[in-house]
Each structure stands twice: as C-alpha cells, then as structure tokens.
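> Have a look at this one before I ask anything.
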Amino acid sequence: MRQKSTRKVAFGNPMFPERSPLSVEEKVKRQQEAESFNRRCEEIFRRVYPELVPRHYNWSIHIEPNSGDYFIDPDEEASFQKAKDKYPHAILMAMRLNNTGCVDKMH
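Each residue of the sequence shown is one higher than the last, beginning at 62 in the working numbering.
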C-alpha cells in the first residue's frame, strides 16, 4: 500500500510551479485548433447523418476528422474501441445519431 503524501501550498501560489502559465499566443493557438477540430467533425457528422439516422437512431458515432473516418455502434464503448483500434493516437469526437447529436446517458 502506498503512503499518502500531503503537500501544503500557500493560497495564491501555483500547485505545480514547474508548469509555466500559457502565453496569450499559446491560448489563442489552442483555441483555434479546437475550433478547427470541431468544425471538421461537424462537417463529417452533417454529411453522414441523413443516411445513418433512419437505420441507426441513437447509436454512438466517433469521428476521426483527419481521415474523415467514423465508427458507429449502439454501444458507445464499442464505437470508441473500433476507432481506437484503427487510430490509437487520434483525438476523436463522440456524438450520437439523434435529434441533437449530443452524447448523454440513456435513462
């Protein structure tokens, strides 16, 4: 069993001082990359949605935007695993083939 260690940090001090805060330029760059990623995924989703939703309503879809590939399955974990098997290091977008495209827990 590992010993639990505590580390007191004075209020207002960074928890990890070795990590420098991001510059404004880096924050803008990351924001632009995220927006570009989202746009590319949304384009793929809009393109495939009309043909997939009648047969696969409420299935999970994972999109890899660099290749344009997508992976669907009724089970979200299975869809994710299919995508990771083909693209182990890719960043994926998870969506659902329903009216909103939002991923949420089924009740």
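Glycine residues also receive a C-beta, built at the ideal position from the N, C-alpha and C atoms.
Should phenylalanine 141 and serine 121 be called a contact, given that it needs their Cβ atoms to be closer than 9 Å?
Yes, the Cβ-Cβ distance between phenylalanine 141 and serine 121 is below 9 Å.
> With a threshold of 8 Å, are at least 3 pairs of Cβ atoms found where one atom belongs to the region 109-129 and the other to the region 73-84?
Contact fails: fewer than three Cβ-Cβ distances are below 8 Å.
> CB-CB under 7 Å to glutamate 112, same chain, minus the five flanking residues each way: which ones, in chain order?
Nothing meets the Cβ criterion.
> Evaluate the contact criterion for the region 98-108 versus the region 153-163: three or more CB pairs, one atom per stretch, below 8 Å.
Contact between the region 98-108 and the region 153-163 is present, because at least three Cβ pairs lie under 8 Å.
> Suppose contacts are defined by Cβ-Cβ distances below 9 Å. Is tyrosine 110 in contact with aspartate 130 by that definition?
Going by C-beta atoms, tyrosine 110 is not nearer than 9 Å to aspartate 130.
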